[in-house]
Amino acid sequence: MEKLFPINIPTMKQLLALITLSFLIPSCTSSKEDLIARKWKALSVKSGMMDNQIKEERNFIDTIGTTTSAEQNFILYGVRNMDSVRQLLRKNLDSTLAAQEATIKDTWLIFDKNGTVVTHFGTEPDTVAWYFDDEGALMLDEMKHKGTGSKIKMNVLKLTENELELQFEENGFSSTASFEPMK
Numbered sequence: 032m033e034k035l036f037p038i039n040i041p042t043m044k045q046l047l048a049l050i051t052l053s054f055l056i057p058s059c060t061s062s063k064e065d066l067i068a069r070k071w072k073a074l075s076v077k078s079g080m081m082d083n084q085i086k087e088e089r090n091f092i093d094t095i096g097t098t099t100s101a102e103q104n105f106i107l108y109g110v111r112n113m114d115s116v117r118q119l120l121r122k123n124l125d126s127t128l129a130a131q132e133a134t135i136k137d138t139w140l141i142f143d144k145n146g147t148v149v150t151h152f153g154t155e156p157d158t159v160a161w162y163f164d165d166e167g168a169l170m171l172d173e174m175k176h177k178g179t180g181s182k183i184k185m186n187v188l189k190l191t192e193n194e195l196e197l198q199f200e201e202n203g204f205s206s207t208a209s210f211e212p213m214k
């Protein structure tokens with residue numbers, strides 16, 4: 032008898048293998064919620080806009096009072112010795128940048144599966160609500176957790192078991208923060 036439909040009907044073993052495989056595949060993939068629910072330590076915060084501002088500040092420091100006489104500097108800035116002023120300005124900028132770097136090294140986030148995150152940015156830890164919005168952005172929502180406060184929206188650039196990269200806007204600057212799991 033000739034087959035009307037040239038289809039191979041799977042055997043019982045093949046069916047069992049397919050069913051088993053269909054249960055294993057979803058368990059191998061993690062949801063964004065599962066991936067983020069852990070302790071994360073900051074590695075870096077980068078901002079092209081901030082880098083440009085620092086570069087401009089350094090250029091200003093290097094050139095302030097170099098094209099004017101000591102008398103003009105006294106009239107403009109209240110001092111004749113601009114070398115001392117430049118040295119002080121460099122020291123202040125370096126101190127500010129060192130404080131920012133120390134804050135990054137002391138920044139961590141602990142995301143719980145229950146929708147709360149403990150944040151630490153070099154100050155006292157704080158707890159806020161977290162969730163992914165409809166567009167997939169990470170929301171840190173003080174209002175939802177405490178009834179007052181603000182919402183911070185962060186674009187998730189990368190989220191794996193070993194990497195978290197978030198992009199956010201703060202004080203007019205766009206920044207990218209990179210994290211690794213805490214040990």
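Reading the sequence shown from the start, the letters are residues 32 to 214 in this note's numbering.
Think of the CB as a built atom: it goes at the ideal place given N, C-alpha and C, for glycine as much as any other residue.
*Assuming Leu169 and Leu197 form a contact by the criterion Cβ under 8 Å, report the distance between their Cβ atoms to the nearest whole angstrom.*
As a first step, residue 169 is located in the sequence shown; it is residue number 138 there, counting from the start. As a first step, residue 197 is located in the sequence shown; it is residue number 166 there, counting from the start. The Cβ separation is near 6 Å, so the contact holds.
*Take the Cβ of Ile67 as the centre, count every other Cβ of all protein chains shown within 10 Å, and call the residue buried at 16 or more, exposed below.*
The count along the sequence shown starts at 1 and reaches residue 67 at position 36. That one is buried.
*asked:* If I measure Cβ to Cβ from His176 and keep anything under 7 Å in the same chain, skipping five residues before and after, which residues do I get?
replied: Your numbering for residue 176 matches position 145 in the sequence shown. Contacts found: Thr147, Thr158, Val159 and Ala160.
*Endpoints, beta strand (DSSP E) assigned at Asn186*: For the purposes of this step, residue 186 is taken as the residue at position 155 of the sequence shown. That run of the beta strand (DSSP E) goes Lys182 to Leu190.
_Between Val76 and Ile135, how many whole angstroms is the CB-CB distance? I'm expecting something under 8 Å._
For this step, residue 76 is matched to residue 45 along the sequence shown. For this step, residue 135 is matched to residue 104 along the sequence shown. About 5 Å separates the two Cβ atoms, so the contact holds.
*How long is the line joining the alpha carbons of Phe82 and Met213, rounded to whole angstroms?*
Your numbering for residue 82 matches position 51 in the sequence shown. Your numbering for residue 213 matches position 182 in the sequence shown. The amino acid at residue 82 is misidentified as Phe; the sequence shows Asp. Answer to the nearest angstrom: the Cα atoms are 27 Å apart.
*Contiguous alpha helix (DSSP H) assignments of at least 4 residues, all confined to the segment 126-214*: 173-177
*Thinking just about the alpha-carbon of each residue, which of Glu166, Glu201, Leu190 and Val187 is nearest to the one in Ser181?*
Residue 181 sits at position 150 when you count from the first residue of the sequence shown. Ranking the options by Cα distance to Ser181, first place goes to Glu201.
_Sequence-distant residues of its chain with Cβ nearer than 8 Å to Glu102 (five each side left out)_ = Counted from its first residue, the sequence shown places residue 102 at position 71. Arg111.
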